[in-house]
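Numbering (the working numbering), first residue to last: 14 to 465. Following: one structure in structure tokens, then a few remarks.
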């Protein structure tokens with residue numbers, strides 16, 4: 014088997030990342046976007062010692078899991094994976110993938126509490142980053158990237174994972190840009206003016222914040238656009254319009270200069286009766302209702318902490334620490350990004366919490382400096398998981414419990430395996446589906462200290 018060969022594969026199982034797995038001539042074949050039960054004609058992209066990576070050329074036979082997608086963009090848009098699968102089957106796929114990962118690492122003696130479905134199956138996202146660009150025909154477009162095509166954008170004006178306010182903002186901004194003849198940014202030439210439209214909406218408080226991201230290649234007065242936004246009859250209350258300038262070559266939304274064109278530069282969201290101030294660039298879970306289910310699980314696994322010290326590691330903007338603070342004796346959060354720590358402190362103050370301390374710095378380094386000993390350690394690390402040195406330091410504290418929150422089950426099971434080799438045992442696992450129609454899933458794991 015060689016690169017560019019075309020092979021026929023029956024998809025026998027699924028792996029995290031939206032991959033379908035089959036076998037050809039005794040070798041594992043991993044195909045992005047393939048679905049359990051499909052028969053696929055695939056082109057070989059990479060040949061490795063123990064595995065082949067392929068891409069779909071044609072679906073020869075459909076899966077019994079497939080149904081008609083409710084989203085007209087599905088198939089072209091790179092945003093979703095499972096729009097053509099019933100929600101119940103999506104949950105089953107995610108649950109099976111997670112269980113197999115645990116089993117592969119030899120983690121078997123634990124209580125699996127299932128997967129909590131998102132309270133909203135559609136219209137659940139509270140943030141979208143739309144890209145200005147061109148579609149495959151070369152026409153102007155504002156929306157999401159075409160699947161597998163970095164330089165192509167499709168108009169996602171009927172997307173069903175957002176509420177109508179997002180689509181209204183997208184269409185209004187696109188129409189304005191076309192009317193004014195404003196040049197859309199070209200990622201190949203790095204020329205153009207309009208780069209992104211970022212829409213954030215507070216699901217609970219009903220506030221919406223709009224951020225127009227441009228280069229500095231033009232000067233433009235956005236007064237007319239602001240008036241259009243103000244008169245748009247959004248279901249939410251428009252609290253701010255921002256203008257971010259970004260001349261970096263990266264396609265990420267980077268802030269080199271920020272100007273408030275109207276209102277304020279943040280919105281207020283409510284989670285479990287606590288308020289959170291979210292700025293244009295703050296990290297916050299993109300499914301507010303799902304976030305409540307996630308944090309309820311964290312509280313449940315942490316148990317009674319009324320007389321206990323809780324460490325919130327990789328604390329970000331402090332959401333978990335603040336959620337735990339009303340129940341705990343004391344919370345100490347550690348986060349590398351200083352801006353996030355400042356947000357955490359402001360959010361603690363916003364809620365009148367005086368038993369929270371948030372520290373800026375590397376987790377491994379700061380753990381060596383802290384004098385207090387935690388009773389419960391909560392970790393919510395980045396996708397890559399916990400640094401091995403930090404894992405060693407966490408174990409040394411000998412806390413009663415570790416609650417591990419993860420958005421990447423592959424790095425999760427790796428870290429759990431390491432922790433299980435010492436003084437901890439995996440007791441409970443619960444998944445929370447924060448991202449319907451995608452392959453992503455959040456997982457909360459409770460580890461308890463093994464008394465010797």
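Just so you know, even glycine gets a beta-carbon here, dropped at the ideal spot from N, CA and C.
{"Query": "Distance CB(residue 155)-CB(residue 187) smaller than 8 Å", "Result": "yes"}
{"Query": "The beta strand (DSSP E) enclosing residue 317, as first and last residue numbers", "Result": "Where residue 317 is concerned, there is no enclosing beta strand (DSSP E), given that its DSSP letter is neither H nor E."}
{"Query": "Which of helix, strand or coil DSSP assigns to residue 107", "Result": "helix"}
{"Query": "For residue 165, the first and last residue of its enclosing beta strand (DSSP E)", "Result": "162 to 168"}
{"Query": "Neighbourhood of residue 35 by C-beta distance below 6 Å, restricted to the same chain and skipping five residues each side", "Result": "22, 23, 24, 25, 42"}
{"Query": "Three-state secondary structure (DSSP) of residue 25", "Result": "coil"}
{"Query": "Backbone CA spacing between residue 287 and residue 152 [nearest angstrom]", "Result": "45 Å"}
{"Query": "Cβ neighbour criterion (16 or more within 10 Å) applied to residue 92", "Result": "buried"}
{"Query": "Beta-bridge pairing of residue 258 - partner residues as DSSP gives them", "Result": "227, 270"}
{"Query": "Backbone secondary structure at residue 63 - three-state DSSP", "Result": "coil"}
{"Query": "Runs of alpha helix (DSSP H) wholly within the segment 340 to 367 (minimum 4 residues, chain order)", "Result": "351 to 363"}
{"Query": "Beta strand (DSSP E) segment containing residue 89, residue limits", "Result": "Careful: residue 89 lies outside any beta strand (DSSP E) and carries neither H nor E."}
{"Query": "Distance between beta carbons of residue 338 and residue 414, contact taken as under 8 Å", "Result": "So it is not a contact: roughly 17 Å between Cβ atoms."}
{"Query": "Contacting residues, own chain, Cβ-Cβ under 6 Å from residue 297 (five flanking each side not counted)", "Result": "291"}
{"Query": "Residue interval of the alpha helix (DSSP H) (run including residue 192)", "Result": "177 to 193"}
{"Query": "Given residue 220 as reference, the closest of 76, 247, 336, 387 once Cα atoms are compared", "Result": "247"}
{"Query": "Straight-line gap, residue 350 to residue 85 (C-alpha atoms, nearest Å)", "Result": "39 Å"}
{"Query": "Coil, strand or helix - residue 419 by DSSP", "Result": "strand"}
{"Query": "Three-way DSSP call (helix, strand, coil) for residue 213 in this model", "Result": "strand"}
{"Query": "Alpha-carbon to alpha-carbon, residue 192 and residue 346", "Result": "49 Å"}
{"Query": "Residues that DSSP places opposite residue 122 in a beta bridge", "Result": "Answer is none; residue 122 lacks a bridge partner."}
{"Query": "When 238, 65, 222 are compared against residue 189, the one with the closest alpha-carbon", "Result": "238"}
{"Query": "For residue 285, the first and last residue of its enclosing alpha helix (DSSP H)", "Result": "No alpha helix (DSSP H) contains residue 285, which DSSP labels as neither H nor E."}
{"Query": "8 Å CB neighbourhood of residue 319 in its chain, flanking five on each side removed", "Result": "340, 341, 342"}
{"Query": "Through-space distance from residue 307 to residue 444, alpha-carbon basis", "Result": "8 Å"}
{"Query": "Boundaries of the beta strand (DSSP E) in which residue 143 is found, first to last residue", "Result": "140 to 147"}
{"Query": "Candidates 309, 144, 442, 40, of which the one nearest residue 124 by Cα", "Result": "442"}
{"Query": "First through last residue of the alpha helix (DSSP H) which encompasses residue 336", "Result": "332 to 337"}
{"Query": "The segment 264 to 281 / the segment 415 to 430 touching (three or more Cβ pairs under 8 Å)", "Result": "no"}
{"Query": "Residues bridged to residue 253 (per DSSP)", "Result": "222, 276"}
{"Query": "CB of residue 411 within 8 Å of CB of residue 436, strictly", "Result": "yes"}
{"Query": "Span separating the alpha-carbon of residue 97 from that of residue 115", "Result": "27 Å"}
{"Query": "Rounded distance between the beta-carbons of residue 55 and residue 44, thought under 8 Å", "Result": "5 Å"}
{"Query": "Start-to-end residues for the beta strand (DSSP E) that takes in residue 389", "Result": "389 to 392"}
{"Query": "Start-end ranges of the beta strand (DSSP E) lying completely within the segment 396 to 446, minimum 3 residues", "Result": "414 to 419, 437 to 445"}
{"Query": "Bridge-paired residues (DSSP) for residue 48", "Result": "Its beta-bridge partners do not exist; DSSP assigns none."}
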